[in-house]
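Structure first, commentary second.
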Amino acid sequence: MKNLGIYIFDQVEPLDFIGPFEVFNSFADLFPEENMRVFTFSETILPIQTIGRLKVIPAHAFNELPAIDYLVIPGGNGSKLVIQNQASLERLNQLMEKSKWTMTVCSGARIPAKLGLLDDKPYCTHHQVYSDLKQLVKNGSPMPEKRFIESSRTLFTSAGVSAGIDLALHLIEKTWGKSHAKTVAEYMEYRSFEQNP
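Numbering (my numbering), first residue to last: 17 to 213.
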């Protein structure tokens with residue numbers, strides 16, 4: 017069994033995590049032979065409140081988290097508080113070190129930035145967050161013209177909100193093959209912005 021964990025927190029941007037959740041959960045349903053399990057997690061299993069006041073109950077807490085093979089870190093205003101919580105940062109750093117890859121969506125890039133993982137690297141984030149990241153990243157290369165980018169061999173960063181869907185599909189293609197990604201996109205009836213008429 018492979019585990020894909022999606023970190024959620026108070027004031028997370030809903031589509032930042034729901035978009036990738038839908039992509040990877042659809043993948044797990046469409047390809048059961050891949051033995052993928054998708055779940056959310058947070059510091060505790062108490063409900064978190066997203067931007068817009070949607071309440072979500074995490075499936076797991078840090079203290080009983082299964083091993084994570086693939087990690088998704090969404091953004092939102094709450095990411096500003098996450099990077100001030102040293103215990104959370106240390107735990108997320110451990111998860112990133114052990115995962116096969118990590119993807120960030122939108123301002124979720126603040127977390128690897130705070131950890132120094134985007135220093136000297138190209139990165140994407142929400143267009144309104146680049147000024148923040150420039151304060152956190154040493155000698156990084158902001159890529160506002162990109163939808164997503166491979167910041168390092170195991171770290172991928174995307175632009176804002178809906179871009180997480182594109183990056184999630186890209187990582188399915190990169191990890192499991194183009195036909196798998198195409199099947200998921202067709203099931204979701206999803207066409208990227210560039211392909212829309």
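Just so it is clear, CB atoms sit at the ideal spot from N, CA and C, and this is done for glycine as well.
The structure displayed is predicted, hence computed values, not measured ones.
Tell me the rounded alpha-carbon separation between residue i and residue j.
i	j	result
asparagine 212	glutamine 151	In this prediction, asparagine 212 has a pLDDT of 39, which is less than 50 and means its spatial position is unreliable; nothing more can be read from the coordinates.
isoleucine 64	proline 158	30 Å
proline 160	alanine 103	31 Å
leucine 70	valine 88	19 Å
alanine 44	serine 147	37 Å
leucine 46	valine 200	7 Å
proline 82	proline 138	30 Å
arginine 107	threonine 66	21 Å
serine 208	phenylalanine 172	18 Å
valine 72	serine 195	32 Å
isoleucine 99	lysine 154	16 Å
lysine 162	serine 174	8 Å
glutamate 80	asparagine 109	17 Å
alanine 197	tyrosine 203	10 Å
tryptophan 117	leucine 111	10 Å
aspartate 135	tyrosine 206	33 Å
glycine 193	glycine 180	18 Å
Taking 7 Å as the line, does the beta carbon of residue i fall inside it for any heavy atom of the ligand PLP?
i	result
serine 157	Among the ligands in the structure shown, none appear at all, so the ligand PLP cannot be discussed.
Would you kindly report the start and end of the unbroken beta strand (DSSP E) that includes residue i?
i	result
tyrosine 23	18-23
isoleucine 165	164-168
methionine 52	52-58
methionine 119	117-120
Between residue i and residue j, which are expected to be in contact by the criterion C-beta below 8 Å, what is the C-beta distance as a whole number of angstroms?
i	j	result
valine 39	leucine 185	6 Å
threonine 56	alanine 75	5 Å
valine 28	asparagine 41	Between asparagine 41 and valine 28 the Cβ distance is about 17 Å, and since that is not below 8 Å, they are no contact.
leucine 31	valine 177	5 Å
serine 58	phenylalanine 25	6 Å
leucine 20	aspartate 85	7 Å
glycine 124	proline 90	5 Å
Kindly indicate which residue of the options has the alpha-carbon position closest to the one of residue i.
i	options	result
threonine 170	Tyr139, Thr141, Thr199, Ser115	Ser115
isoleucine 165	Ala83, Met119, Phe78, Val200	Met119
glutamate 50	Met17, Glu59, Leu149, Cys122	Met17
serine 95	Met52, His142, Ala197	His142
aspartate 182	Cys140, Ser147, Ile99	Cys140
isoleucine 127	Asn155, Ser147, Leu97	Leu97
isoleucine 34	Gln110, Cys122, Asp85, Ala83	Cys122
serine 168	Ala197, Ile22, Glu113, Glu189	Glu113
phenylalanine 78	Tyr23, Met52, Leu131	Tyr23
asparagine 101	Leu111, Lys130, Glu80, Leu187	Lys130
The alpha helix (DSSP H) with residue i in it runs from where to where?
i	result
tyrosine 86	Element bounds for tyrosine 86: not the alpha helix (DSSP H) but the beta strand (DSSP E), 86-89.
valine 200	194-204
phenylalanine 40	30-46
leucine 105	102-114
leucine 149	146-152
leucine 171	Looking at the DSSP string, leucine 171 is not in any alpha helix (DSSP H); the run it does join, the beta strand (DSSP E), is 171-174.
proline 128	126-130
leucine 97	95-98
Would you verify that the beta carbon of residue i is, or is not, closer than 8 Å to some beta carbon of chain D?
i	result
glycine 21	This model lacks chain D altogether; it includes just one protein chain.
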